[in-house]
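Asks: I have a structure I would like to understand better, so I am pasting it below and will then ask my questions one at a time.
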Amino acid sequence: MSWRRTRARSPVRPWPFGQWRTQLRLEAAMPLPAAGATVSSVARRVGYGSPSAFVAAFRRGVGVPPGMYFKSPER
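The numbering of the sequence shown is our numbering, which starts it at 11 and goes up by one.
What follows is the structure, given as structure tokens:
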């Protein structure tokens with residue numbers, strides 16, 4: 011399904027494309043480190059050009075870097 015179709019079918023006001031794409035990438039990335047994937051492999055798998063770009067997006071979206079998030083006992 012294309013982004014335009016998703017946007018047209020959304021019952022709420024859609025996010026700007028960049029925010030929508032980032033949110034989808036972060037949601038796709040969440041189960042991967044728990045399964046033992048490295049930050050580099052997660053970054054590649056969800057579409058980031060470098061691990062540092064993924065870490066920066068994760069920090070903006072979640073509030074902490076992925077290493078700290080997945081080591082945290084309260085997640």
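Glycine included, every Cβ here is placed at the ideal spot set by N, Cα and C. On a predicted model such as this, the values are computed, not experimentally measured, just so you know.
Helix, strand or coil for Trp30? Go by DSSP, reduced to three states.
Replies: Of the three classes helix, strand and coil, the one that applies to Trp30 here is helix, per DSSP.
Asks: Among residues of its own chain, excluding the 5 on either side of Pro61, which ones have a beta-carbon nearer than 7 Å to its beta-carbon?
Replies: The residues are Val49, Ser50 and Ala53.
Asks: Buried or exposed for Arg35, going by 16 or more other Cβ atoms inside 10 Å?
Replies: So Arg35 ends up on the buried side.
Asks: How should Ala39 be labelled, buried or exposed, when 16 other C-beta atoms within 10 angstroms of its C-beta is the threshold for buried?
Replies: It is buried - the Cβ of Ala39 has at least 16 other Cβ atoms within 10 Å.
Asks: Over what stretch of residues does the alpha helix (DSSP H) that includes Ser51 continue unbroken?
Replies: Run containing Ser51: Val49 to Arg55, per the alpha helix (DSSP H) assignment.
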